[in-house]
Amino acid sequence: MSKINTPNPVRGTQDIYGEAEERFAHVVATFNKVRRLYGFKGLQMPVIEPTAVFARSLGETTDVVSKEMYSFEDRGGDSITLRPEFTAGIARAYLTNGWQQYAPMKIAAHGPLFRYERPQKGRYRQFHQIDAEIIGAAEPAADVELLIMADQLLRELRIADGVTLNLNTLGDTQSRDKWHSALVEYFGDHRDVLSEDSLRRLDTNPLRILDSKDPDDRGISFAAPRIDDYLSGEAQDFFAAVTAGLDAAGVAWKRNAQLVRGLDYYRHTAFEFITDRLGAQGTVLGGGRYDGLIEQLGGKPTPAVGWAAGIERLAMLIDAPQIAGPDAVLIPLGHAAETAAIKIIADLRRAGLACDMAYKGNMKKRMTKANDSGARFAIIIGDTELAAGKAAVKSLADGEQADVMIEKLPEFLGRA
Ligand code: ATP
Ligand code: MG
577 MSKINTPNPV RGTQDIYGEA EERFAHVVAT FNKVRRLYGF KGLQMPVIEP TAVFARSLGE
637 TTDVVSKEMY SFEDRGGDSI TLRPEFTAGI ARAYLTNGWQ QYAPMKIAAH GPLFRYERPQ
697 KGRYRQFHQI DAEIIGAAEP AADVELLIMA DQLLRELRIA DGVTLNLNTL GDTQSRDKWH
757 SALVEYFGDH RDVLSEDSLR RLDTNPLRIL DSKDPDDRGI SFAAPRIDDY LSGEAQDFFA
817 AVTAGLDAAG VAWKRNAQLV RGLDYYRHTA FEFITDRLGA QGTVLGGGRY DGLIEQLGGK
877 PTPAVGWAAG IERLAMLIDA PQIAGPDAVL IPLGHAAETA AIKIIADLRR AGLACDMAYK
937 GNMKKRMTKA NDSGARFAII IGDTELAAGK AAVKSLADGE QADVMIEKLP EFLGRA
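Residue numbering for the sequence shown follows this note's numbering, starting at 577 and increasing by one per position.
Next comes the structure, spelled out in structure tokens:
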């Protein structure tokens with residue numbers, strides 16, 4: 577007989593279960609709570625998009641587009657890409673649906689993303705993000721609102737203390753272009769020390785050399801020209817308004833003049849919330865202003881700003897959520913009791929009580945199951961109790977036991 581091999585999972589994917597799933601779910605639930613407090617509407621969107629959505633907006637030469645996208649031709653011959661990020665798809669949805677009438681529009685999304693990366697702790701090929709965007713707002717107030725929201729999220733997850741907001745401005749297009757030329761000149765004089773990747777970036781987008789993780793690149797980036805020397809008056813005012821807003825709200829921030837974002841579309845505000853608790857994968861949340869993006873997708877010039885955070889990275893940072901056990905575990909003994917227990921547990925659950933049934937093994941095994949589940953009560957239903965219309969309710973906290981009329985169980989458990 578030939579042996580059937582179980583297929584391996586795709587490299588860089590995970591099955592998230594147990595405590596890891598509780599952490600994951602807690603991050604998403606906290607995000608949903610916070611985004612509602614800030615008036616962000618949820619958006620469920622396709623995982624697949626036409627490849628052009630990303631190729632055009634992220635920049636052909638970015639790492640994501642040039643090396644990381646999962647793209648394929650579908651059976652109709654169209655080039656499709658598994659979304660590697662949310663922003664471009666949200667911008668596409670904004671244009672497709674004619675949402676200009678709602679501007680400024682506050683949108684929140686979460687779900688899986690796909691990038692062909694080298695898998696390691698905190699870096700996967702299928703990962704998940706929470707994402708918040710404000711589309712159609714040119715005012716620094718929008719940047720400020722998003723940053724205060726991100727800060728509140730981290731506070732509610734109780735990780736704000738270990739995470740620092742690194743803030744920068746990339747200036748307006750004019751400032752950015754001047755800085756760009758200065759960087760080309762500077763790095764051009766240091767070709768001999770640049771990594772191979774950064775030599776390529778020198779021709780395509782030198783800003784991204786500042787984002788390099790190569791130690792030699794980092795060494796030379798240290799003394800590179802700074803955006804501050806090229807900022808227009810308008811760009812300076814914009815940045816000043818953002819920092820004043822953060823100060824007014826009591827959100828701590830640190831200027832990081834080296835900070836650039838991986839994608840081409842950023843202008844003005846750029847930021848990352850960084851921790852030293854996750855090794856090399858220390859950026860938990862990143863974003864900024866992307867005033868040029870919607871135009872690149874064929875829309876009218878539309879200012880926008882947003883951020884995204886990796887759910888797995890946030891989930892690793894938080895304390896394990898305390899999950900309460902069920903209200904009760906039912907233990908039916910005997911055939912009649914087993915049948916009766918089906919109605920009893922259905923009634924309890926319909927009354928909003930969390931219940932489980934232990935119907936396998938001897939009494940000792942079942943009590944162990946009830947105790948291990950962290951339940952408040954075990955409800956033991958034997959034939960004698962059943963004949964009297966009762967059940968034995970045992971408090972698992974103190975071992976105290978009482979007979980309770982079956983129809984009174986929901987009330988009894990609800991009160992206890
Ligand atoms: P990095 O520099 O770590 O590659 P990035 O700039 O590519 O990050 P963004 O595109 O800004 O990341 O995504 C925002 C957040 O999503 C990151 O800060 C991180 O928390 C998370 N993230 C990005 N890529 C991955 C991945 N491959 N696996 C897990 N989380 C990721
Ligand atoms: Mg990346």
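Where a beta carbon is used, it is the ideal one built from N, C-alpha and C, also for glycine.
- Within 6 Å of the C-beta of Ala-884 there is at least one heavy atom belonging to the ligand ATP.
- For Tyr-700, the shortest separation between its Cβ and any heavy atom of the ligand ATP lies below 6 Å.
- Spatial neighbours of Asp-654 in its own chain (CB-CB distance under 8 Å, excluding positions within 5 residues in sequence) are listed in chain order as Pro-626.
- Relative to the ligand ATP, Thr-606 has its C-beta separated by 6 Å or more from all heavy atoms.
- Per DSSP, the unbroken beta strand (DSSP E) holding Gly-862 starts and ends at 859 to 865.
- By the C-beta density criterion, Thr-582 is exposed, having fewer than 16 other C-beta atoms within 10 angstroms.
- Remark: C-beta atoms of Arg-837 and Ala-846 approach each other more closely than 7 Å.
- In the same chain as Asp-793, and ignoring 5 residues on each side of it, the C-beta atoms closer than 7 Å to its own belong to Leu-770, Ser-771, Ser-774, Ile-785, in chain order.
- Here the C-alpha atom of Ala-904 lies approximately 21 Å from the C-alpha atom of Pro-897.
- Under a 10 Å Cβ-count criterion, Arg-734 is classified as exposed, with fewer than 16 other Cβ atoms of the shown protein chains found around its own Cβ.
- Judged by DSSP secondary structure, Glu-625 falls within the beta strand (DSSP E) whose first and last residues are 624 to 626.
- Burial is judged here by how many other beta carbons sit within 10 angstroms of a residue's own beta carbon; Asn-781 has at least 16 and is buried.
- At a cut-off of 6 Å, the beta-carbon of Gly-687 does not count as near the ligand ATP: no heavy atom of the ligand is closer than that.
- Contact check between the segment 604 to 619 and the segment 697 to 709: three or more CB pairs, one atom from each, fall below 8 Å, which counts as touching.
- Remark: the shortest separation between the CB of Val-881 and any heavy atom of the ligand ATP does not fall under 6 Å.
- A distance of 7 Å or more separates the beta carbons of Leu-929 and Ala-951.
- Ranking Ile-850, Gly-990, Glu-961 by CA distance to the CA of Ala-913 puts Glu-961 first.
- The C-beta separation of Ala-726 from Gly-882 comes to about 10 Å, leaving the pair out of contact by the 8 Å criterion.
- In the three-state DSSP reduction, Arg-843 falls in the strand class (E or B).
- With at least 16 other beta carbons inside 10 angstroms of its own, Ala-884 counts as buried.
- For Val-603, no beta strand (DSSP E) run applies; the uninterrupted alpha helix (DSSP H) run containing it begins and ends at 595 to 613, by DSSP.
- Across the structure, Lys-966 and Asn-673 are spaced so that their CA atoms are roughly 59 Å apart.
- In this model, Phe-953 and Gly-594 are separated by some 23 Å (Cα to Cα).
- Runs of the alpha helix (DSSP H) lying entirely within the segment 683 to 769, each at least 4 residues long, are 716 to 732, 749 to 764 in chain order.
- Of the candidates Pro-879, Tyr-841, Leu-893, Leu-893 places its Cα closest to the Cα of Gln-857.
- Exclusion of Val-836 from the 6 Å shell around the ligand ATP follows from its C-beta lying no nearer than that to any non-hydrogen atom of the ligand.
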